[in-house]
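A.B. asks: Residue numbers (our numbering), protein chains in the order written: chain A, 1 to 73; chain B, 1001 to 1165. Glycine residues also receive a C-beta, built at the ideal position from the N, C-alpha and C atoms. Nothing here was measured: the structure is a model prediction, and the numbers come from that model. One structure, pasted below without further comment.
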Amino acid sequence: MKLWLLVLMLLSLFFTGCATLERVQPWEREVLADPIMQLEPDPQEAALDEHIFSTREGSAGGYGAAGGGCGCN
Amino acid sequence: MNVIKAAITFFSILLSPLLGFSAEIGGKAPSFSLKDINGNTVTLESLKGKVVFLDFWATWCGPCKEEFPELDALYKKYGKDGFEVVGISVDKTESNVAEFLKKRPVSFTILTNTKGDVAETYGLPGMPTGFIIGKDGVIRYRHAGFSKAFLPVYEKEIVELLKRP
């Protein structure tokens, strides 16, 4: 019985992780909505960087065709 | 047996946050009492008898900014027929709202909910969220997010609710 209690206590302790169901709510995303919090704050610039990177590296990139190396397409 | 009872109680308490108590379509709109940017208190009860578009927005939310002039246009068009737009800002600082409204003035009522408790009561699925409340104070429609394609839908729903007694 004591073992059962111990298991229950351990399980309870384990499930306390579920108690922190504190998903950031939509109305609480003020800080997260800041452009500085984005992995790519400027999607256009990121696309351009990616294009240059994949063109220069040839086989690297992996986000699409690398082109012939001229960086023109 | 006592252990089982205790375990059931414990897990019930543990999992209780999973239960949501959001505002439902077809249910009475939860009442609130909030201040506008001039410090005047506005309650939902004071708007009874009007069709209300309750818009939860924030200055940091892109689609909300897009929706603003459209809501203003709707308010200007149907305001005389008993239509009211109430924008509830969920910004943490009121000065942000005042600053925002200086740049983008609107003619409808703007309230602030810095604590976010009203937003929580309404259980917003996203930002912005608009609740269209009928003259009887019942939530008739809910719209999450914003797209220009929503506008004819908004208008149709508002007109339909304005016709209802």
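1) Assess, as a yes-or-no matter, whether the region 1035-1053 of chain B is touched by the region 8-28 of chain A under the definition of 3 or more beta carbon pairs within less than 8 Å.
2) I need the DSSP call for LEU1054 (chain B), collapsed to helix, strand or coil.
3) Please classify ARG56 (chain A) as buried or exposed, where buried requires at least 16 other C-beta atoms within 10 Å of its C-beta.
4) In chain A, what lies closer than 7 Å to CYS1061 (chain B) by C-beta?
5) Given that VAL1090 (chain B) touches chain A, what residues does it touch there, using C-beta distances under 7 Å?
6) Interface residues of chain B around PHE40 (chain A) at Cβ under 8 Å?
7) Under 8 Å, with one C-beta from each stretch per pair, do the region 1024-1039 of chain B and the region 1084-1100 of chain B reach the 3-pair mark?
8) Which ranges would you report for the alpha helix (DSSP H) in the region 1048-1105 of chain B if only whole runs of at least 4 residues count?
9) Taking C-beta to C-beta, are LEU1161 (chain B) and GLY1134 (chain B) nearer than 7 Å?
10) Please state whether the Cβ-Cβ distance between PHE1056 (chain B) and THR1129 (chain B) is less than 7 Å.
11) How long is the line joining the alpha carbons of PHE1108 (chain B) and ALA1006 (chain B), rounded to whole angstroms?
12) In chain B, what lies closer than 8 Å to LEU3 (chain A) by C-beta?
13) Between the Cα of GLU1157 (chain B) and those of B:CYS1061, B:PHE1083 and B:ALA1023, spot the shortest distance and give me the residue it belongs to.
14) With which residues is LYS1035 (chain B) paired in a DSSP beta bridge?
15) Could you give the DSSP three-state label for VAL31 (chain A): helix, strand or coil?
16) Measure from the alpha carbon of LEU1047 (chain B) to the alpha carbon of each residue in B:GLY1079, B:GLU1067 and B:PRO1069, then state which is nearest.
17) Can you tell me where the beta strand (DSSP E) holding ALA1144 (chain B) begins and where it ends?
18) Which two residues bound the contiguous alpha helix (DSSP H) that contains ILE52 (chain A)?
19) Going by CA-CA distance only, name the one from B:ALA1029, B:GLY1027, B:GLU1024 and B:THR1059 that's closest to ALA33 (chain A).
20) Hey, LEU1054 (chain B) and VAL1086 (chain B): beta-carbon distance below 7 Å or not?
21) Name the one or two DSSP bridge partners that THR1129 (chain B) has.
22) On the CB-based measure, 16 or more other CB atoms within 10 Å of its CB, does ASP1136 (chain B) come out buried or exposed?
23) With 7 Å as the threshold, decide whether the Cβ of GLY1126 (chain B) is near any Cβ in chain A.
24) Helix, strand or coil: which one does DSSP assign to LYS2 (chain A)?
25) Give, in chain order, every residue of the region 1071-1100 of chain B whose Cβ lies closer than 8 Å to some Cβ of chain D.
C.D. replies: The relevant details are as follows:
1) no
2) strand
3) exposed
4) ALA33
5) TRP27
6) In the sequence as presented, Phe is not what sits at residue 40 (chain A); that position holds Glu. Near GLU40 (chain A) there are no residues of chain B at all, since even the closest Cβ is about 16 Å away, more than 8 Å.
7) yes
8) 1062-1078 and 1094-1103
9) yes
10) yes
11) 53 Å
12) None at all; the shortest Cβ gap to chain B is about 12 Å.
13) B:PHE1083
14) B:THR1041 and B:THR1112
15) coil
16) B:GLY1079
17) 1139-1144
18) 43-57
19) B:THR1059
20) yes
21) B:PHE1056 and B:ALA1144
22) exposed
23) yes
24) helix
25) Here chain D cannot be found, since the structure's protein chains are A and B.
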